[in-house]
Amino acid sequence: MIRLTAEHTPAGTSYLATGQGQPVVLIHGVGLNKEMWGGQVVGLATKYRVIAYDMLGHGASPRPESGTPLVGYADQLLELLDHLQLPQATVIGFSMGGLVARAFALHYPQRLHGLVVLNSVFNRSPEQRAGVIARTAQAAEHGPDANAEAALSRWFSREYQAANPAQIAALRQTLANNDPQGYLTTYELFATQDMYRADDLNHIQVPTLIATGELDPGSTPQMAMQLAERIPGARVAVLPEQRHMMPVESPRLVNQLLLEFLDTTHSRQNLIKGIVA
1 MIRLTAEHTP AGTSYLATGQ GQPVVLIHGV GLNKEMWGGQ VVGLATKYRV
51 IAYDMLGHGA SPRPESGTPL VGYADQLLEL LDHLQLPQAT VIGFSMGGLV
101 ARAFALHYPQ RLHGLVVLNS VFNRSPEQRA GVIARTAQAA EHGPDANAEA
151 ALSRWFSREY QAANPAQIAA LRQTLANNDP QGYLTTYELF ATQDMYRADD
201 LNHIQVPTLI ATGELDPGST PQMAMQLAER IPGARVAVLP EQRHMMPVES
251 PRLVNQLLLE FLDTTHSRQN LIKGIVA
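Its first residue numbered 1, the sequence shown is counted upward by one per residue in the UniProt record's numbering.
Here it is, written out as structure tokens:
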């Protein structure tokens, strides 16, 4: 088992890093933290340098000021890459982390080697938008765990919840332990920024994978396809019978998808470098 000790950047971002090779950075979703990536750290670190960090307002990282824009979260990733002296990285963002990854791709394209957006949101319908706005209001009034039971039922299959009660209980506790203001600032962005600079997405020029689960009710296959249509050459993958937390519920399946993308991307870019040289 890989055991890691969290480190911190000068600005306070808490991160874990392991493995050797091309760097791959993992960004979690709202209410979670870097620990959600345990299955991916184990699966990817045999071939890549894997870095997982706590988003602003989550885990052991500083909380954002109220009203921090989405680019502030992209700036956090930039500071992490600068601290690690990494000129480029492949960025994998899950849910809210997918919005951060998209913002990073638009603001700092020169620092991006590849982009993966997992189970994220794009172009919500009026009904979907109303639902997430209502959940934001509930979180503002009652705290980060106001929607915990409903969230867990969206995130995981009933079978997985029944088979893994300790893990589900730990996730419920993670949600409850979030800093209320940090959580709310982040959730408000998650609720409102699904179309962030949508008209500029065609400027993203790195290899891109957009993936979600067939049964993900909030990050639907239609969203994944619509997002991919905006990014030149983006590939779409919809994993059968998977719900929102597929990186946790089905790590081997997700890792297979990620490794295929990473291996293909780095082989192609190495070939291009060889031809140019």
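C-beta: ideal position from N, C-alpha, C; glycine also. As the structure is a prediction and not an experimental result, all values here were calculated from the model.
Whether residue i touches residue j by CB criterion (7 Å)
{"i": "Val71", "j": "His107", "result": "yes"}
{"i": "Leu49", "j": "Gly21", "result": "With the sequence shown as reference, residue 49 is identified as Arg, and Leu is not the correct amino acid for it. Closer than 7 Å, so yes."}
{"i": "Asn119", "j": "Thr212", "result": "yes"}
{"i": "Leu227", "j": "Ile210", "result": "yes"}
{"i": "Gly57", "j": "Thr186", "result": "yes"}
{"i": "Leu115", "j": "Val206", "result": "yes"}
{"i": "Tyr160", "j": "Glu35", "result": "no"}
{"i": "Arg243", "j": "Ser125", "result": "no"}
{"i": "Ser219", "j": "Val117", "result": "no"}
{"i": "Phe94", "j": "Leu77", "result": "no"}
{"i": "Pro10", "j": "Ala89", "result": "no"}
{"i": "Gly29", "j": "Gly97", "result": "yes"}
{"i": "Thr13", "j": "Ser61", "result": "yes"}
{"i": "Ala101", "j": "Ile27", "result": "yes"}
{"i": "Ala17", "j": "Trp37", "result": "no"}
{"i": "Glu260", "j": "Glu241", "result": "no"}
{"i": "Val91", "j": "Val25", "result": "yes"}
{"i": "Ala137", "j": "Arg172", "result": "no"}
{"i": "Met245", "j": "Trp155", "result": "yes"}
{"i": "Arg129", "j": "Leu81", "result": "no"}
{"i": "Ala237", "j": "Leu257", "result": "yes"}
Strand pairing of residue i, partner residues [DSSP]
{"i": "Tyr15", "result": "Glu7 and Tyr53"}
{"i": "Ala228", "result": "None, per the DSSP bridge assignment."}
{"i": "Ile133", "result": "In the DSSP output, where bridge partners are listed per residue, Ile133 has none listed."}
{"i": "Pro217", "result": "Partner(s): none; Pro217 has no beta bridge."}
{"i": "residue 283", "result": "Since the first and last residues shown for the chain are 1 and 277, residue 283 lies out of range."}
Cβ distance (whole Å) where residue i is taken to contact residue j below 8 Å
{"i": "Pro232", "j": "Asn255", "result": "26 Å between Cβ atoms; not a contact."}
{"i": "Pro144", "j": "Gly31", "result": "6 Å"}
{"i": "Leu262", "j": "Leu253", "result": "At roughly 15 Å, the Cβ-Cβ gap does not stay under 8 Å, so Leu262 and Leu253 are not in contact."}
{"i": "Tyr183", "j": "Ala151", "result": "Their Cβ separation, rounded to whole angstroms, is 12 Å, which puts Tyr183 and Ala151 out of contact at 8 Å."}
{"i": "Pro251", "j": "Gly43", "result": "6 Å"}
{"i": "His235", "j": "Thr208", "result": "Note that residue 235 is Arg in the sequence shown, not His. Correct: roughly 7 Å between the Cβ atoms."}
{"i": "Asn33", "j": "Gly67", "result": "With a Cβ gap of about 22 Å, Asn33 and Gly67 do not count as contacting."}
{"i": "Tyr15", "j": "Leu99", "result": "Actually they do not touch by this definition, with Cβ atoms about 19 Å apart."}
Start-to-end residues for the beta strand (DSSP E) that takes in residue i
{"i": "residue 278", "result": "Past the boundaries of the shown model lies residue 278; the chain is included only from 1 to 277, so the question cannot be answered."}
{"i": "Val121", "result": "Element bounds for Val121: n/a, residue is neither H nor E."}
Span of the alpha helix (DSSP H) around residue i
{"i": "Ala103", "result": "Met96 to His107"}
{"i": "Val30", "result": "From DSSP, Val30 is part of no alpha helix (DSSP H); its letter is neither H nor E."}
{"i": "Leu81", "result": "Leu70 to His83"}
{"i": "Gln44", "result": "In the sequence as presented, Gln is not what sits at residue 44; that position holds Leu. Gly38 to Leu44 is the span of the alpha helix (DSSP H), which, as asked, contains Leu44."}
{"i": "Pro62", "result": "Pro62 -> no alpha helix (DSSP H), and no H or E assigned at all."}
{"i": "Pro247", "result": "Met246 to Glu249"}
Any non-hydrogen atom of the ligand FMN within 6 Å of residue i CB
{"i": "Ile210", "result": "Summarising the ligand content, the structure contains no ligands, and the ligand FMN is consequently not present."}
Any C-beta of chain B under 7 Å from that of residue i
{"i": "Val30", "result": "The structure shown contains no chain B; it holds only a single protein chain."}
Task: Those runs of the alpha helix (DSSP H) which lie wholly inside the region 142-170 and span at least 4 residues - done: With a minimum length of 4 residues, the unbroken runs of alpha helix (DSSP H) contained wholly in the region 142-170 fall at 148-155 and 158-163.
Task: Complete alpha helix (DSSP H) runs within the region 169-212 (minimum length 4 residues, chain order) - done: Runs of the alpha helix (DSSP H) spanning 4 or more residues and lying entirely within the region 169-212 occur at 180-192, in chain order.
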